[in-house]
């Protein structure tokens with residue numbers, strides 16, 4: 147299993163102090179659990195609108211071995227209407243405050259520097275920006291707080307990204323964009339970055355599959371890679387599953403593939419199931435290596451991170 151490191155300028159759960167800052171070190175793919183506190187997310191909108199329900203799900207994921215919770219207060223599904231910053235903050239801040247100090251990394255899924263700043267002050271540790279830190283103010287916020295960021299690729303905006311996605315060479319363009327955004331973020335003082343090719347964000351089925359097949363090119367680089375294919379529409383195009391809530395088996399297949407290709411984090415709705423599946427896959431991979439020692443028992447904690455075909459119409463791919 148590949149070893150990964152993410153550097154923080156702030157103390158965060160599972161990190162150790164080094165000369166570079168606070169480092170989170172792990173092997174294999176960690177699981178980022180999705181916690182949408184929105185009424186209109188494409189798969190689970192409204193499920194966590196009440197604070198008690200969100201806290202229950204958050205603690206259940208933590209107890210199952212999920213290492214990062216990604217809290218979102220604005221839907222980024224295709225066609226979603228923008229949410230004012232004050233409304234987004236009203237959704238996410240109570241949950242962040244309630245979960246601060248609970249021994250789990252807290253990520254905030256936001257495109258707004260104002261929301262990111264307030265979330266970090268409230269106890270979040272990581273910013274997940276689907277716009278890839280295009281806004282210089284977002285870079286300044288992360289740098290000032292010492293918070294690493296997940297830099298994602300998205301062609302266009304959520305309102306229009308699926309109208310007619312087009313690329314000359316999708317792998318070259320997406321990977322090039324991510325590397326350039328990473329350089330700009332680090333030069334601006336952001337302590338570290340995760341790279342996310344943005345499965346389903348301004349991509350057709352062909353684009354998505356090309357990016358997933360080309361993961362070794364991205365994971366061979368210096369930055370950990372996050373893959374978020376959870377319940378995305380490409381699973382429907384491949385396996386005829388129109389209801390997003392029924393796409394967890396396809397999600398697992400995509401994420402297990404990503405983990406074998408070196409992905410450091412997978413972002414999922416069915417987060418506990420991912421922890422289980424990844425531990426089993428890790429044990430099989432250890433056993434399959436020639437001359438390898440027997441894998442440790444799955445309940446021993448030894449597999450946990452250290453601390454720790456149907457083609458769609460053109461342009462119709464959607465999360």
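Residue numbers (my numbering): 147 to 465. Positions of the beta carbon are idealized from the N, C-alpha and C atoms, including for glycine.
The ligand SAM heavy atom lying under 7 Å from the CB of residue i
{"i": "residue 343", "result": "This structure simply doesn't include the ligand SAM, nor any ligand for that matter."}
Burial state of residue i (16 or more Cβ within 10 Å)
{"i": "residue 379", "result": "buried"}
{"i": "residue 209", "result": "exposed"}
{"i": "residue 236", "result": "exposed"}
{"i": "residue 166", "result": "exposed"}
{"i": "residue 362", "result": "exposed"}
{"i": "residue 393", "result": "buried"}
{"i": "residue 238", "result": "buried"}
{"i": "residue 162", "result": "exposed"}
{"i": "residue 444", "result": "Because residue 444 carries a pLDDT of 35, less than 50, the predicted location of this residue cannot be relied on, and no value is offered for it."}
{"i": "residue 219", "result": "buried"}
{"i": "residue 233", "result": "exposed"}
{"i": "residue 185", "result": "exposed"}
{"i": "residue 196", "result": "exposed"}
{"i": "residue 164", "result": "exposed"}
Limits of the unbroken alpha helix (DSSP H) element including residue i
{"i": "residue 345", "result": "Premise fails: residue 345 is in no alpha helix (DSSP H) and is neither H nor E."}
{"i": "residue 363", "result": "361-365"}
{"i": "residue 325", "result": "316-333"}
{"i": "residue 405", "result": "394-406"}
{"i": "residue 389", "result": "Premise fails: residue 389 is in no alpha helix (DSSP H) and is neither H nor E."}
From the options, residue whose alpha carbon lies closest to that of residue i
{"i": "residue 396", "options": "375, 411, 410", "result": "375"}
{"i": "residue 336", "options": "387, 367, 297, 310", "result": "297"}
{"i": "residue 256", "options": "311, 182, 204, 399", "result": "182"}
{"i": "residue 160", "options": "259, 287, 171", "result": "171"}
{"i": "residue 359", "options": "316, 388, 347", "result": "316"}
{"i": "residue 250", "options": "204, 261, 238", "result": "204"}
{"i": "residue 401", "options": "357, 245, 387, 199", "result": "357"}
{"i": "residue 321", "options": "344, 272, 302, 331", "result": "344"}
{"i": "residue 350", "options": "262, 331, 381", "result": "381"}
{"i": "residue 420", "options": "164, 214, 258", "result": "214"}
{"i": "residue 398", "options": "184, 414, 220", "result": "414"}
{"i": "residue 287", "options": "310, 301, 422, 258", "result": "258"}
{"i": "residue 150", "options": "385, 386, 367", "result": "367"}
{"i": "residue 217", "options": "274, 164, 228, 325", "result": "274"}
{"i": "residue 373", "options": "276, 199, 221", "result": "276"}
{"i": "residue 284", "options": "348, 331, 222", "result": "331"}
{"i": "residue 348", "options": "302, 325, 198", "result": "302"}
Spatial neighbours of residue i in its chain, beta-carbon cut-off 8 Å, leaving aside the 5 residues before and after
{"i": "residue 365", "result": "148, 371, 407, 408, 409, 410"}
{"i": "residue 282", "result": "334"}
{"i": "residue 175", "result": "401, 404, 405, 409, 410, 411, 412, 424"}
{"i": "residue 201", "result": "241, 244, 245"}
{"i": "residue 269", "result": "242, 243, 245, 246, 247, 252"}
{"i": "residue 354", "result": "345, 346, 375, 378, 380, 463"}
{"i": "residue 388", "result": "382"}
{"i": "residue 323", "result": "278, 299"}
Cβ neighbours of residue i in the same chain (closer than 6 Å, five flanking residues each side left out)
{"i": "residue 291", "result": "266"}
{"i": "residue 338", "result": "152, 153, 294"}
{"i": "residue 417", "result": "177, 179, 207, 212"}
{"i": "residue 369", "result": "328, 339, 341"}
{"i": "residue 449", "result": "Legend: pLDDT at residue 449 = 33, less than 50; position of this residue unreliable, no value from coordinates given."}
{"i": "residue 260", "result": "231"}
{"i": "residue 229", "result": "220"}
{"i": "residue 289", "result": "334, 335, 336"}
Boundaries (first-last residue) of the beta strand (DSSP E) holding residue i
{"i": "residue 253", "result": "251-255"}
{"i": "residue 413", "result": "411-414"}
{"i": "residue 295", "result": "295-298"}
Cβ shell of residue i (< 7 Å), same chain only, five flanking positions each side left out
{"i": "residue 156", "result": "168, 271, 291, 292, 293"}
{"i": "residue 158", "result": "168, 170, 251, 271"}
{"i": "residue 263", "result": "287"}
{"i": "residue 313", "result": "319, 353"}
Beta carbon proximity, residue i to chain C, threshold 8 Å
{"i": "residue 420", "result": "No chain C is part of this structure, which consists of one protein chain only."}
Residue ranges of each alpha helix (DSSP H) run of no fewer than 4 residues wholly in the stretch 150-183, ordered along the chain? none
Run through the stretch 202-283 for me and flag every whole beta strand (DSSP E) of 3 or more residues, listed as ranges in chain order. 214-218, 251-255, 272-275
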